[in-house]
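Our numbering runs 6 ahead of the 1-based position in the sequence shown.
For glycine and all other residues, C-beta sits at the position ideal for the given N, C-alpha and C.
All figures in this text were calculated on a predicted structure; none of them were measured in a lab.
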Amino acid sequence: MSKEMLGALDALEQEKGVKKEIVIEALEAALVSAYKRNYGQAQNVEVEFDQKKGNIHVYAVKEVTDEVFDSRLEVSYQDALEINKAYEVGDTIRFEVTPKDFGRIAAQTAKQVIMQRVREAERSIIYNEYSQYENEIMQGIVERRDNKFIYVNLGKIEAVLSKQDQIPNEVYNAHDRIKVYVSKVENTTKGPQVFVSRTHPDLVKRLFEQEVPEIYDGTVEIVSIAREAGDRTKMAVRSTDPNVDPVGTCVGPKGQRVQLVVNELHGENMDIVKWEEDPSDYIANALNPAEVIAVQFNDGNEHTCTVIVPDYQLSLAIGKKGQNARLAAKLTGYKIDIKPESEVEFVDGDDSEDESAVVEGFEEETITPETTEETVAVAPETAEVAEDIEQPAETVVDSEEQPQE
């Protein structure tokens, strides 16, 4: 057994990176429990593993006392002096009590301990490997599904794709290859767990980094993202190089770059707009493709504004079920009040610093943004006009979050 034990410890250290000393410490603790369990002894015992020969020794540890009350735990001072005259009251003496058949128990225990350490080492290796991919994209293969999750094979581990992280109406079949965003990696008692997403905003961001070198190297920056996964995404970009058009760079020649992202997301519409330092220009860009006449910032609330659009552009500015206005509000971080031109009179004079003034006394329709994921995305300059909704006299859309910078 000694040679087998030493060989197993060496292999474990070399192949799994588990230090021999750690395994020996765990083994000795396990053997103490095994000894007490198998031999019904309640005394203090220690187990010592000889790292040179591989032998195992069990010792009963007793305290030197003037009077012995429990022979399992104590030894008399007189008996101690017979062993070694240097002993004093209070010292401890180790007596070897290794059973003759303890080798069999030791072998079984050692096997269990080593197997446990192997599992722990493998889990640690997998966790360390996949934790590096947190907040990154990985490609996996759909393995199976149940009522709650899709399970995606990422190589050495099976990742979990929950319902809330699945794009609505997207079908996942066994053996499909999909790109997923690694949102979280946890090291649990059952081993490492990887959680992935298809709806996370940064999935689109990472996809654009893969397709647009200028984003990856920092020439073009993604400033803010608003996403309703599976339907539409707006992304605001800016360039650190005045000679580089950020929107055109992301769209690519003949729309090739953005189309690759759209294809990966199975047709999700992508709107890429230019970020502007001037909030009024930025908000106007965010409402693209609608034409904006003016943007008025309301006094007392720096993140509230009124946007004036031509009457015939009102439905376009609002978008189908309010989506265009809702995404623009998320993208910019402003509460956007959209009004048709016919409902607003423009005021000239020094008493107004705004480009437009709002006529008081008409009803407002408030659109509450739906709870959706925000993401990074790019899309052709297209827009869906809501033909089946009534034109409101005014639409107010509140942003859910501040813009990402």
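Item: Are there three or more Cβ pairs, one per stretch, closer than 8 Å when the stretch 261 to 280 is compared with the stretch 313 to 329?; Value: no
Item: Report the three-state DSSP secondary structure of K336 (helix, strand or coil).; Value: helix
Item: Just to confirm my understanding: we take P174, look at its own chain, exclude 5 residues before and 5 after, and list those with CB closer than 6 Å. What are they?; Value: G236
Item: Identify whether G261 lies in helix, strand or coil by the three-state DSSP scheme.; Value: helix
Item: Of the choices K240, I228, R233, whose alpha-carbon is the least far from that of P252?; Value: I228
Item: Looking at the structure shown, is G328 part of a helix, part of a strand, or coil, going by DSSP?; Value: helix
Item: Just to confirm my understanding: we take Q172, look at its own chain, exclude 5 residues before and 5 after, and list those with CB closer than 8 Å. What are they?; Value: I156, Y178, R204, T205
Item: Let me check understanding here. Comparing Cα to Cα, which of V226, G325, R110, H309 lies closest to T239?; Value: G325
Item: Determine the DSSP secondary structure at S77, reduced to helix, strand or coil.; Value: coil
Item: DSSP beta-bridge partners for E54?; Value: H63
Item: Can you give me the start and stop residues for the alpha helix (DSSP H) that S286 sits inside?; Value: 285 to 292
Item: Give, in chain order, every unbroken run of the alpha helix (DSSP H) that is at least 4 residues long and sits entirely within the stretch 207 to 236.; Value: 207 to 217, 219 to 222
Item: Using only the alpha-carbon positions, how far apart do V74 and S137 sit?; Value: 57 Å
Item: My guess is that V119 and V29 are in contact by the Cβ rule of under 8 Å, so how many angstroms apart are they, rounded?; Value: 7 Å
Item: Does the Cβ of L333 have 16 or more other Cβ atoms within 10 Å, making it buried, or fewer, making it exposed?; Value: buried
Item: Quick check on DSSP: helix, strand or coil for A17?; Value: helix
Item: Looking only at C-alpha atoms, which of I131, I184, Q84 sits nearest to K22?; Value: I131
Item: If I follow the unbroken beta strand (DSSP E) through D277, where does it start and stop?; Value: 275 to 280
Item: So N134 is in the alpha helix (DSSP H); what residue range does that whole segment cover?; Value: 108 to 137
Item: Less than 8 Å between the CB atoms is what I'm expecting for L18 and V124, so what's the real figure, rounded?; Value: 7 Å
Item: What is the C-beta distance between E102 and Y65, in whole angstroms, given that I count them as a contact (C-beta under 8 Å)?; Value: 6 Å
Item: Consult DSSP for A412 and reduce its assignment to one of helix, strand or coil.; Value: Residue 412 lies beyond the stretch modelled for the chain, which goes from 7 to 411, so this question has no answer here.
Item: Mapping the DSSP letters down to three states, classify N2 as helix, strand or coil.; Value: An answer regarding residue 2 cannot be provided, because it is not within the stretch 7 to 411 covered by the chain.
Item: How many whole angstroms separate the CB atoms of N413 and I111, which I take to be in contact at a CB cut-off of 8 Å?; Value: Coverage of the chain is limited to positions 7 through 411, which leaves residue 413 absent and any answer about it impossible.
Item: Tell me which residues share the same chain as T104 and place their Cβ nearer than 6 Å to its Cβ, disregarding the 5 neighbours each side in the sequence.; Value: H63, V64
Item: Is it buried or exposed, M241, if we count other Cβ atoms within 10 angstroms and call 16 or more buried?; Value: buried
Item: Give a yes or no on whether the C-beta atoms belonging to N291 and E283 are separated by under 8 Å.; Value: no
Item: Under a three-way DSSP split, which group does I30 fall into?; Value: helix
Item: Could you check which residue in E164, N134, K154 has the C-alpha nearest to that of I147?; Value: E164
Item: Nearest by alpha-carbon distance to E349: which of G328, Y318, A331 is it?; Value: Y318
Item: Please state whether the Cβ-Cβ distance between A296 and L271 is less than 8 Å.; Value: no
Item: Is Y83 helix, strand or coil by DSSP?; Value: helix
Item: Does the beta-carbon distance from L37 to T115 come in below 8 Å?; Value: yes
Item: Just confirm the distance between the C-beta atoms of K106 and E140, as a whole number of angstroms; I'd bet it's less than 8 Å.; Value: Contact flag wrong, Cβ pair sits at about 54 Å.
Item: Kindly indicate which residue of E176, E135, A180 has the alpha-carbon position closest to the one of K162.; Value: E135
Item: Tell me R244's beta-bridge partners as DSSP assigns them.; Value: E227
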